[in-house]
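Peer 1: Numbers 1 to 524, taken from UniProt numbering, label the letters of the sequence shown in order.
All C-beta atoms, glycine included, are put in the ideal place defined by N, C-alpha and C.
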Amino acid sequence: MISSSDNRLLFILDLLPKEIIFTIFDFLWAHDILYSFLNISNYFNNILLTYQNYHVNFKSILKQQFDLVCRFIQPNQIISLVLSDSNETPSQSKTFLSLFPIEKFINLRAITLSDIENDCHSLFFNIRQLKYLNYFETDTLSHLWMIETISRLKQLIINKYVDNDYNHESLLHSISFSHLRNLTLPYCSYVQLRQILSCASKLTSLNISLIISDCTGIDYFAEQHQETPLIVNHLTMSIQTFTWYVEYNTDDFILYTIPRFVPRTTKHSLLSILPHSTTLPVQQYSIYYDQINELELDSNDKSSYRYTNVQRLILSITKINENIIDLSKVEYLCVKSLSWSLKKLFQIIKTSMTSLYHLKIDFSFSMIQLSDIYPLEQIRIIDLPQFSCSFKNDNIDLSSLFPCIERLTIGINSLHQMTDIIDRFMHLSSGSFHIMNDHTDINHILTETDTIYKWLIEKTNRLARNRSFTYRLDSRSDIWIHLWISSESTTPEKVLNKTLSGEQLMELRETNGQHNCSRCCSLQ
């Protein structure tokens with residue numbers, strides 16, 4: 001802060017021209033912008049209201065961050081949007097599009113849909129009215145009906161091939177390829193490939209998977225190519241000569257280049273380099289270890305090299321040899337061995353795993369082991385799939401050991417356990433509860449569609465105070481309840497007045513409250 005000539009205090013960032021601030025905002029997600037810059041000054045509040053190029057990514061977002069975006073950003077300010085109805089964010093698309101109908105996003109250029117619930121398709125019907133939309137990404141062919149009449153599409157990405165997608169392959173024939181520059185498909189037949197190359201004259205990038213069982217398809221494609229030459233003006237291919245080292249995997253009969261196709265995931269017991277199976281010089285064997293980012297320690301075998309870039313670590317043994325692995329980069333830890341001392345494990349986490357934020361304890365344990373243990377405040381995500389089988393102790397509060405948990409997956413024995421967890425984990429945003437035994441009570445409260453919602457409000461103090469939550473019941477095999485909860489004290493309201501003063505914005509933000517326990521997640 002600096003003093004001005006009229007004795008007013010100025011925030012030093014207020015000296016930046018708004019054009020520079022707009023450029024910075026272009027590289028940030030909307031919720032990060034709001035969480036970082038809202039209410040630091042009236043100047044920034046006005047900039048936030050006038051900025052017109054917000055990139056909104058709701059995948060895996062915390063509920064309070066979602067509510068913040070809904071409160072302060074209007075649909076015409078959004079140019080890219082990511083919606084997800086995953087287990088972490090159930091009914092998100094329905095919640096968002098009930099506040100802002102899709103046709104209101106008049107400046108939207110890109111949209112990504114992930115795990116969208118089947119009963120939400122009607123909410124996207126008017127997506128065809130968005131005249132600037134040129135990027136469409138989804139995880140199923142069944143969504144292609146949304147863009148059948150959009151002729152200006154430049155990029156189309158289908159990330160995976162799901163059940164029943166074979167019923168929707170015909171939708172590819174109805175897509176306009178005339179302006180398409182980038183196309184990604186999980187599967188493509190030779191006939192479809194020929195159609196794409198024939199119609200997409202502006203294509204510059206094509207990412208597909210062709211399943212080749214024999215050469216018949218290749219011969220057919222070659223014959224068709226001879227009959228009618230393909231006109232592809234913008235798609236170029238370059239072939240250069242490199243000196244490559246190669247490796248032959250004797251187990252899977254795979255020949256691959258090094259380091260491009262060296263496995264990123266492995267078990268420690270399997271990573272033995274046989275000199276006769278590779279052209280890589282012995283002096284460069286460390287390349288293998290440097291490429292590994294997910295490792296299962298399943299043996300105590302010594303190694304002459306060290307894993308230096310492991311981010312995901314699975315422990316199937318009872319000790320860690322820090323001479324063979326750099327623990328400082330580990331972000332996810334899964335512990336499978338029953339023989340682990342949790343007190344010893346927590347000490348290793350505190351002293352050596354400074355980057356760890358996601359912990360999975362995949363065995364039943366006694367809560368008594370957790371007595372006299374210092375809290376792990378660094379953990380934001382925890383998975384306890386066998387907690388229902390663990391020995392409980394009423395004197396030990398799980399939430400006091402993990403006070404900053406935002407995402408939780410847990411196996412429980414009763415609905416009472418679920419309500420107790422919701423009330424105790426005050427920062428919990430996403431909770432997935434696998435109910436192992438209490439099926440009779442579950443069936444009792446399923447007599448009406450909204451019974452679970454009413455029951456949760458009645459049985460939990462937290463949800464009774466703040467009813468800003470969504471849920472999904474999954475009872476296809478086992479019974480799961482997925483919750484998405486806001487830690488704010490009031491339900492968010494849409495801000496429609498574009499001339500809102502800084503004082504009014506401050507008042508709204510104070511209504512929401514401050515959240516000091518938050519980890520900004522990477523939402524790439």
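Counting Cβ pairs closer than 8 angstroms, one from the segment 130-137 and one from the segment 98-107, do we hit at least three?
Peer 2: yes
Peer 1: Determine the extent of the beta strand (DSSP E) in which C334 is found, giving its start and end residues.
Peer 2: Run containing C334: 332-335, per the beta strand (DSSP E) assignment.
Peer 1: Tell me the start and end of each unbroken beta strand (DSSP E) in the UniProt domain "F-box" (10-61) that is at least 3 residues and wholly inside, in chain order.
Peer 2: 54-57
Peer 1: Quick check on N182: does DSSP put it in helix, strand or coil?
Peer 2: strand
Peer 1: Per DSSP, which residues does I78 bridge with? Please list them.
Peer 2: Y54
Peer 1: Do you know offhand how far L48's Cα is from N57's?
Peer 2: 17 angstroms
Peer 1: How long is the line joining the alpha carbons of S399 and S429, rounded to whole angstroms?
Peer 2: Whole-angstrom Cα-Cα distance: 14 angstroms.
Peer 1: What whole-angstrom Cβ distance do I320 and L297 have, given they're in contact under 8 angstroms?
Peer 2: 7 angstroms
Peer 1: Smallest Cα separation from I79: which of L123, P17, Q52?
Peer 2: Q52
Peer 1: Does the ligand ATP have a heavy atom nearer than 7 angstroms to the CB of N159?
Peer 2: With respect to the ligand ATP, the structure shown offers nothing to examine, as it has no ligands at all.
Peer 1: Do T419 and S91 come within 8 angstroms of each other at the CB atom, strictly closer than that value?
Peer 2: no
Peer 1: Check for me: the beta strand (DSSP E) holding Y135 runs from which residue to which?
Peer 2: For Y135, the uninterrupted beta strand (DSSP E) run begins and ends at 135-138, by DSSP.
Peer 1: Counting along the chain, where does the alpha helix (DSSP H) carrying N413 start and finish?
Peer 2: No alpha helix (DSSP H) contains N413, which DSSP labels as neither H nor E.
Peer 1: What does the alpha-carbon distance come out to for the pair K63 and C70?
Peer 2: 11 angstroms
Peer 1: D478: buried (16+ other C-beta within 10 angstroms of its C-beta) or exposed?
Peer 2: exposed
Peer 1: Can you give me the Cβ contacts of I106 inside the same chain, cut-off strictly under 6 angstroms, excluding the 5 residues immediately before and after it?
Peer 2: N76
Peer 1: Please report the straight-line C-alpha distance between N126 and L83, rounded to a whole angstrom.
Peer 2: 16 angstroms
Peer 1: Have a look at the DSSP bridge pairing and note the partners of A464.
Peer 2: According to DSSP, A464 bridges with nothing at all.
Peer 1: Which one or two residues does DSSP pair with A110 in a beta bridge?
Peer 2: S80, Y135
Peer 1: For the structure I just gave you, are there three or more beta carbon pairs, one from the segment 337-354 and one from the segment 314-328, closer than 8 angstroms?
Peer 2: yes
Peer 1: Determine the contact status of H121 and K154, defining contact as a CB-CB distance below 8 angstroms.
Peer 2: At a Cβ-Cβ threshold of 8 angstroms, H121 and K154 do not count as neighbours.
Peer 1: How big is the Cα-Cα spacing for L123 and S98?
Peer 2: 8 angstroms
Peer 1: Helix, strand or coil: how does DSSP classify R424 here?
Peer 2: It is helical.
Peer 1: Take R424 and list the residues in its own chain whose beta-carbon comes closer than 6 angstroms to its own, dropping the five residues that flank it on each side.
Peer 2: Leaving aside the five residues that flank R424 on each side, the residues in its chain whose CB is nearer than 6 angstroms to its CB run, in chain order, S399.
Peer 1: What residue range does the alpha helix (DSSP H) around residue 584 cover?
Peer 2: It is not possible to answer for residue 584, since the shown part of the chain is limited to 1 through 524.
Peer 1: What is the DSSP secondary structure of V282, counted as helix, strand or coil?
Peer 2: helix
Peer 1: Using DSSP bridges, identify the partner residues of E294.
Peer 2: Paired residues: T265, R312.
Peer 1: Please state whether DSSP places L153 in a helix, a strand or coil.
Peer 2: The answer is coil: DSSP assigns L153 none of H, G, I, E or B.
Peer 1: By the DSSP assignment, the alpha helix (DSSP H) with D67 in it spans what residues?
Peer 2: Unbroken alpha helix (DSSP H) run through D67: 63-72.
Peer 1: When the Cα of Y307 is compared with those of V282, E294, N413, which residue comes out closest?
Peer 2: Comparing Cα positions, the closest option is E294.
Peer 1: Leaving out five residues on either side along the sequence, give the residues of the same chain with a beta carbon under 8 angstroms from the beta carbon of T266.
Peer 2: I292, E294, L295, E296
Peer 1: Per DSSP, which one or two residues make a beta bridge with W484?
Peer 2: S430, T470
Peer 1: Can you tell me whether DSSP reads D383 as helix, strand or coil?
Peer 2: strand
Peer 1: Between the C-alpha atoms of L13 and N466, what's the straight-line distance to the nearest angstrom?
Peer 2: Taking the Cα positions, L13 is about 35 angstroms away from N466.
Peer 1: What do you get for T257, buried or exposed, if any count of 16 or more other CB atoms within 10 angstroms of its CB means buried?
Peer 2: exposed
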